[in-house]
Amino acid sequence: MYGLKTAALAKGATAIGVRLTVDQLETNYMVVLSINGVNHFEVVQNMEKSEIFPVENHRFSNITNTTVYLFDHNLGNIEMTLANSMNSILELHC
Numbered sequence: 444m445y446g447l448k449t450a451a452l453a454k455g456a457t458a459i460g461v462r463l464t465v466d467q468l469e470t471n472y473m474v475v476l477s478i479n480g481v482n483h484f485e486v487v488q489n490m491e492k493s494e495i496f497p498v499e500n501h502r503f504s505n506i507t508n509t510t511v512y513l514f515d516h517n518l519g520n521i522e523m524t525l526a527n528s529m530n531s532i533l534e535l536h537c
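Take any residue in the sequence shown, note its place counting from 1, add 443, and you have its number in my numbering.
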């Protein structure tokens, strides 16, 4: 995680690392998830409604009472169910 912060600062961006609960997630936060023992850097995203329900093209919340929508550059879009992770702490970089 320190490497990401160092790289961001070298490019003139501001970066901090904090530990937040799922309730504190916001769009564009970078989340570190361990998937099958491998760390993945995900981005909390806003999605178009049409990406899930191709009816109306409206934005909707990327974080609902049950789900967080993430993007991984290797795995693509990820729908993470919160029921399994409500008590977990995620390491975030904003």
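Glycine is no exception: its CB is placed at the ideal position from the N, C-alpha and C atoms.
Since we're looking at a predicted model, the values are computed, not measured.
The residue from 484, 466, 451 with its alpha-carbon nearest to that of residue 519 is 484.
The three-state reading of DSSP puts residue 446 in helix, counting H, G and I together.
When the alpha-carbon of residue 517 is set against those of 447, 482, 449, the nearest one is in 482. Residue 445 is classed as exposed because its beta carbon has fewer than 16 other beta carbons within 10 Å across all chains shown.
Membership of residue 515 in the beta strand (DSSP E) is indicated by the continuous run 510 to 515.
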